[in-house]
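S.K.:
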Amino acid sequence: MEIVVKRIGGYAGLSQEIAAFSTTRLDAAVAQQVEQLVNNIRFFDLPAFVSGGVVGADLFQYEITITEGERQHTVTFVDEETPETRPLRRLVEAFIRAGR
Numbered sequence: 017m018e019i020v021v022k023r024i025g026g027y028a029g030l031s032q033e034i035a036a037f038s039t040t041r042l043d044a045a046v047a048q049q050v051e052q053l054v055n056n057i058r059f060f061d062l063p064a065f066v067s068g069g070v071v072g073a074d075l076f077q078y079e080i081t082i083t084e085g086e087r088q089h090t091v092t093f094v095d096e097e098t099p100e101t102r103p104l105r106r107l108v109e110a111f112i113r114a115g116r
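Residues in the sequence shown are numbered from 17 upward in steps of one, following this note's numbering.
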């Protein structure tokens, strides 16, 4: 599983890659944990954009792209603490830890 996470927006409107890794290069236990998180939220079934309804021009957005075999899916969400985005925020946090 190949994973890339970008943070987009803010006052300057910049795009920054904050995590990029392959689960094949992780410790087996960490790789299993990451893949389980992806499967638990049914990442490949999510819409391309997830929003909890918060609107703001200077908010950060996160873009998660995951490739697994022939499948590739990208989900973008606004950095907000809502029930809709909470699982994705936790996923980003786990990806940052795993990619270190």
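All C-beta atoms in this analysis are idealised placements derived from N, C-alpha and C, irrespective of residue type, glycine included.
Remember, it's a predicted structure, so these values are computed and weren't measured experimentally.
Give me the residue from Glu79, Leu107, Thr101 and Ile112 with the minimum Cα distance to Gln52.
M.R.: Checking every option, the nearest Cα to that of Gln52 belongs to Leu107.
S.K.: Need the endpoints of the beta strand (DSSP E) that Ile57 sits in, please.
M.R.: Segment: none, Ile57 is in no beta strand (DSSP E) and carries neither H nor E.
S.K.: What number of angstroms, rounded off, separates the C-alpha of Thr90 from the C-alpha of Glu79?
M.R.: Distance between the alpha carbons of Thr90 and Glu79 is about 7 Å.
S.K.: Quick check on Phe98: does DSSP put it in helix, strand or coil?
M.R.: A small correction: the amino acid at residue 98 is Thr; Phe does not occupy that position in the sequence shown. Correct three-state label for Thr98: coil.
S.K.: At the level of alpha carbons, what is the spacing between Pro112 and Tyr27?
M.R.: Note on identity: in this sequence residue 112 is Ile, with Pro being the wrong assignment. Using only the alpha carbons, I get a separation of about 22 Å.
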